[in-house]
Every structure is written in structure tokens, then in C-alpha cells.
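2 protein chains.
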Amino acid sequence: MSIKSTLEKVISEDLAELWSLLNSEEKRQILDNFEIHNFKKNQIIYAEKDDPVYLWCLLKGKVKLYKDGIGGRQQILRLYRPIQYFGYRAYFAHEPYVSSASAFEASSLGTLPMDVVKNMIDNNRDLAWFFIRELSKNLGGSDTKIVTLTQKHIRGRLAEALILLIDNYGFEEDGKTLKIYMAREDVANLSNMTTSNAIRTLSAFAQERIITVDGRRIKIVDEAKLRQISKFG
Amino acid sequence: MSIKSTLEKVISEDLAELWSLLNSEEKRQILDNFEIHNFKKNQIIYAEKDDPVYLWCLLKGKVKLYKDGIGGRQQILRLYRPIQYFGYRAYFAHEPYVSSASAFEASSLGTLPMDVVKNMIDNNRDLAWFFIRELSKNLGGSDTKIVTLTQKHIRGRLAEALILLIDNYGFEEDGKTLKIYMAREDVANLSNMTTSNAIRTLSAFAQERIITVDGRRIKIVDEAKLRQISKFG
DNA sequence: AAATTTGCATGTTTTAAAGCATAATTCTAA
DNA sequence: TTAGAATTATGCTTTAAAACATGCAAATTT
Numbered sequence: 005m006s007i008k009s010t011l012e013k014v015i016s017e018d019l020a021e022l023w024s025l026l027n028s029e030e031k032r033q034i035l036d037n038f039e040i041h042n043f044k045k046n047q048i049i050y051a052e053k054d055d056p057v058y059l060w061c062l063l064k065g066k067v068k069l070y071k072d073g074i075g076g077r078q079q080i081l082r083l084y085r086p087i088q089y090f091g092y093r094a095y096f097a098h099e100p101y102v103s104s105a106s107a108f109e110a111s112s113l114g115t116l117p118m119d120v121v122k123n124m125i126d127n128n129r130d131l132a133w134f135f136i137r138e139l140s141k142n143l144g145g146s147d148t149k150i151v152t153l154t155q156k157h158i159r160g161r162l163a164e165a166l167i168l169l170i171d172n173y174g175f176e177e178d179g180k181t182l183k184i185y186m187a188r189e190d191v192a193n194l195s196n197m198t199t200s201n202a203i204r205t206l207s208a209f210a211q212e213r214i215i216t217v218d219g220r221r222i223k224i225v226d227e228a229k230l231r232q233i234s235k236f237g
Numbered sequence: 005m006s007i008k009s010t011l012e013k014v015i016s017e018d019l020a021e022l023w024s025l026l027n028s029e030e031k032r033q034i035l036d037n038f039e040i041h042n043f044k045k046n047q048i049i050y051a052e053k054d055d056p057v058y059l060w061c062l063l064k065g066k067v068k069l070y071k072d073g074i075g076g077r078q079q080i081l082r083l084y085r086p087i088q089y090f091g092y093r094a095y096f097a098h099e100p101y102v103s104s105a106s107a108f109e110a111s112s113l114g115t116l117p118m119d120v121v122k123n124m125i126d127n128n129r130d131l132a133w134f135f136i137r138e139l140s141k142n143l144g145g146s147d148t149k150i151v152t153l154t155q156k157h158i159r160g161r162l163a164e165a166l167i168l169l170i171d172n173y174g175f176e177e178d179g180k181t182l183k184i185y186m187a188r189e190d191v192a193n194l195s196n197m198t199t200s201n202a203i204r205t206l207s208a209f210a211q212e213r214i215i216t217v218d219g220r221r222i223k224i225v226d227e228a229k230l231r232q233i234s235k236f237g
């Protein structure tokens, strides 16, 4: 199979949501400009203050969007799974990036120059609506996060983070084990607490039989309890 | 002057930014659907969980967008001044509102049904870009706020809030006095702290000759120092 | 004008979470 | 395969901010 038709296969199968919104000329434009890049575990995809150039599409793996804060503290803002798009916000705002993206594990990503995306949006209202909707959903999420991360106590924040991991990456075949294996430090960076407190609170949850912990494998035993802790104390 | 031509005057003068993007048919559509509403001080414009129906345009006054959190604690997310638009995010996300809006002082607002806005976006790419850009700027701001509100200490958060007030509402004729007079409680809700601590820290800033405080009149004496405190300790 | 409410100011106490120290364990690379 | 590094686990100490209490002043209501 030619490189091009392989690419077409990859793109048309994987970009499902966006792909269906395009006409044949637009599809050709994508094929001509789409590039695949592979990233190793923990490799940085782009960094805060960089100028945005590409629309990124996660094809395989896991990616975190994060912001480095005060005293080396890092806040994870969003997590991506295949097939999701990111990296476009800063371009649309005419700003440099305010956050960084890195591969959580070995990942494969596609790029499309934002100038191409811009042209396509100009001529495709469905595409415009796709981005308007994505931006709107993200903005609602960030506004909500401002309140939960500042007002919830540690246990509530950790419970919320675990629920986010469930919703984002789901379970292994057993229907219990989280399908993501992250360092305690990343759990902490997700839920706005120190690594010590993430470890401590995970242990507490384990003791209370809400979860079990085996290294980085986290099993959700009592999801209802988790949601209750996330919502209230 | 007829009601309609008065309205046209109000709209064409005040909606400047959006108005210039429209053709005459679109302008007619706005004139037919635009309504003016007046709100008293502290009156709620819409509330969290409501379904979004209108695009709101602040014509006169000041509006806060906020979210009620845990234990009666409120977080102010954004502040609006004339002429700014809000209330569209939830509609675009196909969600109920996740935050509430209320008038900070007696205010005058215009409404346009979101269904009308949607139709206009469908046929006007500049209008689409207007909202894409606004959403993108807001999302960058919210993502940044997540980090500053969780990681900065009280003094840094208050300094940042005061700078936000400068940038949003500016100064009186003296070039020093903030052009907004808000209760200590709102200052606290803007900077994620208790009312007591807002009062305490304002007093501390006054003692350090960074600001002067006379009731709700706040004079910025040393803006450079304020920016330094916001950035670092 | 008196009474009541509301908002501002400040001191004291309590507490949640950070910071720090030290092991134990697991991973990684020479 | 072993030495070293990184990660996880736990206990102890410190601290920033919340919670609480009280007094005072200004504004509103009666």
C-alpha cells in the first residue's frame, strides 16, 4: 500500500468526527498537509510561550495539557485520548500558548498547519461549529475547575480527579482497574495537592475500601462513594 | 424620534465591534429581535442551571459572572463592562449555564435570541470568528486563573485582583482611583479568600503605601509594586 | 433621633495542608 | 547484578489561611 493511501486510511478512520464534516477538496487538502509524529514517554509536544502553528490530533497514546506554576508546581489542565484535537486555542486567540503539552506515554500524533485549518473553517460552517462547541465545552470545564480546585478539600479533589480518569480513559477488561497508570506526582498535579498528600489520601481511600492500590494500578471498588466524596466532604 | 430609530442609534453606536461585521439584512434582523432590559443593583440576570436563550450585551453598568461554590462561598469568574457580550457559551456547548450573572450596579442590557445569533453565524464567517476568538481568549484566561488562584498566596491573589480591576474598569479622572466600588466581600470573591482576609490584606497594602483605602474607594499608589507582588510573593 | 442592620476592622484560635525528614521499595542503567 | 536513582510510604513539624469572636462605624429603617 502506498504511503499516501495508508495515510488516507489512518486519517479517514481516525479523524472520524472531523472527517465526516469535509468535502472531497477539503479531504485532499488534509492529505496534502497532514504529518504524523511520534513522541516518547514524557516528551514535550509544545511548551508555554511557544507560538501555535499546528492543530494536533492524538492518534494513539495519552497526552496531558499542563501549566507550570509557582515553585515547580505543575497543574494538569486537561487529558487527551485518541481521537482528540488540541493546540488550536492559542492560534485562535492570537496568543502564544499559555500551557504545555506532553506525552504521558509513547504516543502518535498528527499535525495540520493551523493556517490550513483556518482556511477550511472559512469555507465550512460545520467545521466552525465544531471548534465553537469544543471551545465552549472546555471553557465551561475550566470555569468549573476554578471553583472545585480552590474550594474542595483534599479528599474531594482527589475523588474528583479519579472520576475524571474514569471518564477519560475508562477501565481495563475487569471493569475496575483504571486504564491509565500515572505517577503519584501526576495524580497530585491533577488534583492540586503535593505528592505527599496524594499518596496519603490514596492510602486513606484504600484503607476505607473505596479503591485498591497496587503500584500504579488503581482499582475503583466503590465508585458511588467516590462520587459522594467528590460532591460533598 | 421613533422607538425603532432610537434603537437603531443605540445598537449601531454601542454594538460597534459586532455591528461592523454585519450586512444590511443582518442589521435588520438584529433590529427586529433586539430588546433592552434594565437591571437594578445586585439583580440576577441569569442563574446557573438555567437554559441559555439570549446573547446578552452589556450597554451600561457593570456585570459579574460568578459561580456559587461550597458553603456559600462565591467565585467571581469574569467582569464585564460596556460594550461586552456574554451568555453564549452554554448555548454553544448545548449545556445549561454553569455560572450566574448579576448586575454589580444599575445596568442596561440588550438581548438577542441565540437562535438568531446561530443563524447569523451560519451565514457570516466574521461573526463565527468573533465568537471563536472570544471563547479562545476566555479559555486561556480561565486556564491561567486555575493556576494563579490555586498556587499564589493571599497577597499575590489580591494584587492580581486589583490589577484585573485596573485593566477592566480603569481609573477616575485623577488617574489613581479605581473606577469600581465594590464590597470587601466581592473583592474576596474575586481573589479566592474570605472577607476577613480581603479586609486584612487591603489594610496591609495600605500600610505599605501600595494603595490607599477610603471606604470602597481604592487608590492605586504604587502599581509597579502591585504587579511585583502579583507576580512573585 | 433611636433602633436595627450591614459592613469594616482587628485580634485570637483552630485547622487543613504544606514542608521536611527518613525509610522502604521499585525501577534503571552501568 | 549491582549501584544508584527515582518513586512510594509514613511520621513529625510548621504555617498559611479559615473560622470565630468582638468592637466600632456607617447606613437604613422606624
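Keeping their order, the protein sequence lines are chains A and B.
Just so we're aligned, residue 5 is where the first sequence starts under my numbering, counting upward by one.
Just so we're aligned, residue 5 is where the second sequence starts under my numbering, counting upward by one.
Heads up, the beta-carbon is just placed ideally off N, CA and C, and yes, glycines get one too.
Since we're looking at a predicted model, the values are computed, not measured.
- Its Cα nearest to that of Glu176/A, the residue Ile222/A stands out among Glu99/A, Ile222/A, Ile48/A, Ile74/A.
- The beta carbon of Thr148/B falls within 8 Å of a beta carbon belonging to chain A, placing the residue at that interface.
- In this structure, DSSP gives Glu164/B a helical state, which the three-state scheme calls helix.
- DSSP assignment within the segment 18-43 of chain A yields the following whole beta strand (DSSP E) runs of 3 residues or more, N-terminal first: 39-43.
- Our two residues, Met118/B and Gln47/B, have alpha carbons roughly 22 Å apart in a direct line.
- Residue contact with chain A for Gln79/B: present (Cβ-Cβ distance below 8 Å to some residue of chain A).
- Within the DSSP bridge table, the entry for Thr115/B names Glu39/B, Trp60/B as partners.
- Sixteen is the threshold: since fewer than 16 other Cβ atoms of the shown chains lie within 10 Å of the Cβ of Arg32/A, the residue is exposed.
- Below the 7 Å Cβ cutoff, chain A contributes Thr154 as neighbours of Asn196/B, in chain order.
- With 16 or more other Cβ atoms from the protein chains shown falling within 10 Å of its own Cβ, Asp190/A counts as buried.
- Annotation: the continuous beta strand (DSSP E) that includes Leu69/A extends over 67-72.
- Remark: C-beta atoms of Gln155/B and Arg77/A approach each other more closely than 8 Å.
- For Asp218/A, the three-state secondary structure derived from DSSP is strand.
- Chain A has a Cβ within less than 8 Å of the Cβ of Ala97/B.
- In the displayed model, Thr205/B falls within a helix according to three-state DSSP.
- Excluding sequence positions up to five before and after Ile214/B, its CB lies within less than 7 Å of the CB of Val225, Asp226, Lys229, Leu230, all in the same chain and listed in chain order.
- Using a Cβ-Cβ cut-off of 7 Å, Ser140/B is close to Arg93, Phe96, Ala97, Leu139 of chain A, given in chain order.
- Within the same chain, Cβ atoms closer than 6 Å to the Cβ of Asn42/A are found at Ser112, the five residues on either side in sequence being excluded.
- In the DSSP assignment, Gln88/B falls outside any alpha helix (DSSP H) and within the unbroken beta strand (DSSP E) covering 88-90.
- One Cα belongs to Ala208/A, the other to Val57/A, and the distance between them is close to 44 Å.
- Those residues of the segment 121-132 of chain A placed with their C-beta closer than 7 Å to a C-beta in chain B are Asp126, Arg129, Ala132, ordered along the chain.
- If you check each beta-carbon in the segment 46-73 of chain B against every beta-carbon of chain A, the ones closer than 7 Å belong to Lys71, Gly73.
- In the structure shown, Ala132/B falls within a helical segment according to DSSP collapsed to helix, strand and coil.
- If you look at Ser234/B, you'll find it in the alpha helix (DSSP H) that goes 227-235.
- Non-local C-beta neighbours of Ile233/A in its own chain, meaning closer than 7 Å and more than five positions away in sequence, comprise Arg159, Gly160, Ala163, ordered along the chain.
- Not a single CB atom of chain B sits nearer than 8 Å to the CB of Ser106/A.
- Shown here, Thr152/A sits in a helix according to DSSP, grouped into three states.
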